[in-house]
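Q: Chains as they are written, first to last, in this note's numbering: chain A, 1261 to 1360; chain B, 180 to 350.
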Amino acid sequence: MADTQLLLGLSFALFALGLVGVMVRRNALVMLMCMELMLNAVILALVTFSLETATLSGAVLVFLIFVVAAAEIAIAIPIVLQLSRQRSSLDVEGYDRLKG
Amino acid sequence: MTIDQLLVYFFGACALLGGVLMLVARHPMRVALALISCMLSLAGIYAMLGVHVVAVFQVLIYVGAVMVFMVYVIMLLDVRDPSFLRRYGHLLVPAVVLGALLAGALGVSAIRVGAPAIQPGTGPAPSYLVQPFSVEFLREYWLHFELTSVLLVAAVVAAIAIIRSGRRSDG
Chain A
1261 MADTQLLLGL
1271 SFALFALGLV
1281 GVMVRRNALV
1291 MLMCMELMLN
1301 AVILALVTFS
1311 LETATLSGAV
1321 LVFLIFVVAA
1331 AEIAIAIPIV
1341 LQLSRQRSSL
1351 DVEGYDRLKG
Chain B
180 MTIDQLLVYF
190 FGACALLGGV
200 LMLVARHPMR
210 VALALISCML
220 SLAGIYAMLG
230 VHVVAVFQVL
240 IYVGAVMVFM
250 VYVIMLLDVR
260 DPSFLRRYGH
270 LLVPAVVLGA
280 LLAGALGVSA
290 IRVGAPAIQP
300 GTGPAPSYLV
310 QPFSVEFLRE
320 YWLHFELTSV
330 LLVAAVVAAI
340 AIIRSGRRSD
350 G
């Protein structure tokens, strides 16, 4: 099997694992980490494609995604901190006050 | 098969193992350690592919900043709640079926495309060398570079605002 296909398959498998983790797990922090796994899978696919096309814009996009990931985690962690402070729990099934 | 290809396979297997362990592990700290090992394996893959800059950034930003932040939060919030005892919600079976379907569909599409092979271990990739990359980055993409700094400032301000609004509602 060609290496591109192997890397793409690895990226898709990691993305599916992260998606299943976000849907299945009950801990809010674990859900955040599964989102990070999905982002890592996307970066792997992007690096694979940009190696294949050998363009500089792909490399630039990889770095922009790193910045977006840092900003995302900087926002998401305070939200989880607030939720756990108000409900004294990290269990997302207890966050039923978000219902309209 | 060269040693470089073998190493790519090895790191890929380690990354997959880390991803599976993230779904199975009970304590959030173990999930964080599994994610760290997965990210380090991905950094190894990047290094074997010749994109050393991305490998270094993966270790520095993801493992060194994001995951250390996450580990600190896990130690800070040592909350014991039902999510430690019952790991999975009630969507376990449909979510696993959906994930398997998604991975299968994407894998079939990847096999059908038949892309050309990347040879690992052939030295650094030309578009990822530091000098052409940085020259192009600051000459062609300077606006995006400045916009990312605006995004980071906005994220910092938003994080402070979230923390302050929570304090006000507490008091």
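Note that beta-carbon positions come from the ideal geometry of N, C-alpha and C, so glycine has one too.
Are the segment 326–346 of chain B and the segment 1322–1341 of chain A touching by the rule of at least three beta carbon pairs closer than 8 Å?
A: Yes: at least three Cβ pairs fall under 8 Å.
Q: Could you check the C-alpha separation between proline 311 of chain B and valine 1320 of chain A for me, to the nearest Å?
A: Those two C-alpha atoms are separated by around 11 Å.
Q: Curious, which full-length alpha helix (DSSP H) runs of at least 4 residues does the segment 1301–1348 of chain A contain?
A: Correct list: 1316–1347.
Q: Within the chosen definition, does the segment 181–196 of chain B reach the segment 222–229 of chain B through at least 3 CB pairs nearer than 8 Å?
A: Output reads yes: the segment 222–229 of chain B touches the segment 181–196 of chain B.
Q: Using DSSP with H/G/I as helix, E/B as strand and the rest coil, what is tyrosine 320 of chain B?
A: Here tyrosine 320 of chain B sits in coil by DSSP.
Q: Can you check whether the CB of leucine 1277 of chain A is closer than 8 Å to the CB of glycine 243 of chain B?
A: Result no, Cβ atoms of glycine 243 of chain B and leucine 1277 of chain A do not sit closer than 8 Å.
Q: Could you list which residues in chain A have their beta carbon closer than 7 Å to that of alanine 274 of chain B, in chain order?
A: Those within 7 Å of alanine 274 of chain B in chain A are Val1280, Met1283, Val1284.
Q: Give the C-beta separation of leucine 1274 of chain A and leucine 1297 of chain A to the nearest angstrom, bearing in mind that I take them to be a contact with Cβ-Cβ under 8 Å.
A: That belief holds up - the Cβ atoms of leucine 1274 of chain A and leucine 1297 of chain A are roughly 6 Å apart, short of 8 Å.
Q: With a threshold of 16 other CB atoms inside 10 Å of the CB of glutamine 166 of chain B, please say whether the residue is buried or exposed.
A: Because chain B is modelled from 180 through 350, residue 166 of chain B falls outside the range shown and cannot be assessed.
Q: Given that a residue counts as buried once 16 or more other Cβ atoms are within 10 Å of its Cβ, and exposed if not, what is tyrosine 251 of chain B?
A: Looking at its Cβ environment, which holds fewer than 16 other Cβ atoms inside 10 Å, tyrosine 251 of chain B is exposed.
Q: Beta carbon of arginine 343 of chain B: closer than 7 Å to some heavy atom of the ligand SAH?
A: Ligands in the displayed structure: none, and consequently the ligand SAH is not present.
Q: Starting from isoleucine 1339 of chain A, find everything on chain C with Cβ-Cβ shorter than 7 Å and list it in chain order.
A: No chain C appears in this structure, whose protein chains are A and B.
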